[in-house]
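Here is the structure we will look at, set down as structure tokens.
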Amino acid sequence: MSKDTVTAVREDGLRYQSKVGGSPFLGSGHTRSCFKCGKHRAPTSLQSIRLLGRNEVVCKPSCKTLP
Numbered sequence: 074m075s076k077d078t079v080t081a082v083r084e085d086g087l088r089y090q091s092k093v094g095g096s097p098f099l100g101s102g103h104t105r106s107c108f109k110c111g112k113h114r115a116p117t118s119l120q121s122i123r124l125l126g127r128n129e130v131v132c133k134p135s136c137k138t139l140p
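Its first residue numbered 74, the sequence shown is counted upward by one per residue in the working numbering.
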């Protein structure tokens, strides 16, 4: 999901990095991250569970079965 970075040397000899603009999250932009695995998924593929006294969203049916 990360985009390629391009490095160049300026005239004064310093190297800098420039990245292509835009968001790494493709699609409609409506994503949330799973509390267990941290991957960003659409809200339809997440379920809310009570965990550590709070409601958290996790992958549905589980993190291991989704690609």
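Think of the CB as a built atom: it goes at the ideal place given N, C-alpha and C, for glycine as much as any other residue.
Check                                                                          : Outcome
Where the beta strand (DSSP E) containing residue 127 begins and where it ends : 127-132
Nearest residue (CA-CA) to residue 122, options 82, 134, 85, 104               : 134
Range covered by the beta strand (DSSP E) that runs through residue 135        : No beta strand (DSSP E) contains residue 135, which DSSP labels as neither H nor E.
Residue 125 versus residue 81: straight-line alpha-carbon distance, rounded    : 47 Å
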